[in-house]
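Working notes for the structure below.
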Amino acid sequence: MRSIKICIADDHKLFRKLTIAYLESMDRIDSYIIEAENGKVLLSKLRSNLVDVVLLDINMPVMGGEEAAKVLLKRYPELKIIMLTINDSPGKILELMNLGVHAYLLKDCEPQEVLNAIEAVVDRDFYRNSIVENALSHAKSKKKSGRERLEEELTKREQEILLHICEELTTKEIGVRLSISEKTVENHRMNMMQKLNARNTVGLVKYAYENGLITSN
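Position 162 of the sequence shown, counting from 1, maps to 163 under our numbering, and the rest follow consecutively.
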């Protein structure tokens with residue numbers, strides 16, 4: 002069993018309590034959970050209770066999720082953010098991806114998906130589900146083929162690593178697949194982020210879809 006520190010920020014108390022009860026009942030993770038009713042309270046609590054993952058409602062009074070996410074990503078670059086929303090519009094999802102948010106869940110998703118997303122962002126920096134794939138497909142359809150751009154900007158090895166990142170392999174798994182060290186994989190990841198001006202792995206995945214390295218199912 003792994004230990005993951007989580008904060009859930011949502012203005013609906015019942016939703017917070019039910020989500021906490023579900024996560025605490027799971028034997029896959031040993032969760033330490035704090036809660037907040039808006040972004041302002043969240044930021045205050047994290048000053049003394051730093052966590053690994055934040056489940057963040059996009060629409061809250063006082064300070065909403067999007068505004069809070071901007072502060073969190075700047076203040077805590079290692080923190081993973083899962084945005085909770087009722088809005089699955091591709092435009093909004095892409096806007097949040099550009100911001101650097103790691104995962105997106107509809108508030109009517111199955112409880113199991115919440116746990117899957119938490120484990121995915123901790124292990125692989127992002128969580129790919131149907132609303133993310135739909136948004137990425139939408140972004141690609143609005144752009145001309147970017148294959149030539151990809152060939153110019155990334156080396157063959159970087160393209161290989163990016164492809165495996167999009168396949169949701171961990172750094173260790175990529176290293177084994179390509180017979181290179183985990184440190185080498187991470188060096189390539191950081192080089193790609195610098196080249197492409199990507200905030201994190203989410204930005205790399207978005208680039209891969211938009212430029213034809215991988216397509217959504």
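Beta carbons: idealized from backbone N, C-alpha and C, even for Gly.
Model, not experiment: these values are computed from the prediction.
DSSP state of residue i, grouped into three classes?
i, result
"lysine 75", "helix"
"glutamate 169", "coil"
"isoleucine 59", "coil"
"alanine 136", "helix"
"arginine 17", "helix"
"glutamate 38", "coil"
"isoleucine 181", "coil"
"isoleucine 30", "strand"
"valine 54", "strand"
"serine 4", "strand"
"isoleucine 175", "helix"
"isoleucine 215", "coil"
"alanine 69", "helix"
"alanine 10", "strand"
"methionine 194", "helix"
"threonine 202", "helix"
Taking a contact to mean a Cβ-Cβ separation below 7 Å, would you say residue i touches residue j in this structure?
i, j, result
"methionine 82", "leucine 57", "Checking the displayed sequence, the identity of residue 82 turns out to be isoleucine instead of methionine. Taking 7 Å as the Cβ cut-off, isoleucine 82 and leucine 57 qualify as a contacting pair."
"alanine 136", "valine 122", "no"
"histidine 165", "isoleucine 181", "no"
"aspartate 126", "threonine 202", "yes"
"methionine 84", "isoleucine 119", "no"
"alanine 199", "leucine 163", "no"
"proline 112", "tyrosine 23", "yes"
"methionine 27", "leucine 116", "yes"
"valine 72", "isoleucine 7", "no"
"proline 62", "asparagine 99", "no"
Count the other CB atoms within 10 Å of the CB of residue i; is the residue buried (16 or more) or exposed (fewer)?
i, result
"threonine 156", "exposed"
"isoleucine 87", "exposed"
"glycine 204", "buried"
"aspartate 109", "exposed"
"glutamate 211", "buried"
"glutamate 168", "exposed"
"valine 177", "exposed"
"glutamate 67", "buried"
"glycine 92", "exposed"
"valine 206", "buried"
"leucine 97", "buried"
Determine, for residue i, whether the minimum Cβ-Cβ distance to residues of chain B falls below 7 Å.
i, result
"lysine 14", "Checking the listed chains, one finds no chain B in this structure; it contains a single protein chain."
Measuring CA to CA, which of the options is closest to residue i?
i, options, result
"alanine 10", "Leu97, Glu211 and Val42", "Val42"
"lysine 75", "Cys8, Gly101 and Pro62", "Gly101"
"arginine 190", "Gly213, Arg158 and Ile215", "Arg158"
"glutamate 149", "Glu187, Ser49, Lys71 and Gly213", "Gly213"
"isoleucine 215", "Arg48, Ile35, Ser138 and Asn99", "Ser138"
"glutamate 183", "Glu114, Met194 and Thr171", "Thr171"
"valine 55", "Glu153, Arg129 and Arg17", "Arg17"
**OP:** Enumerate, from N- to C-terminal direction, the unbroken beta strand (DSSP E) stretches of 3 or more residues contained entirely within the stretch 72-127.
**Re:** Runs found: 81-86 and 104-107.
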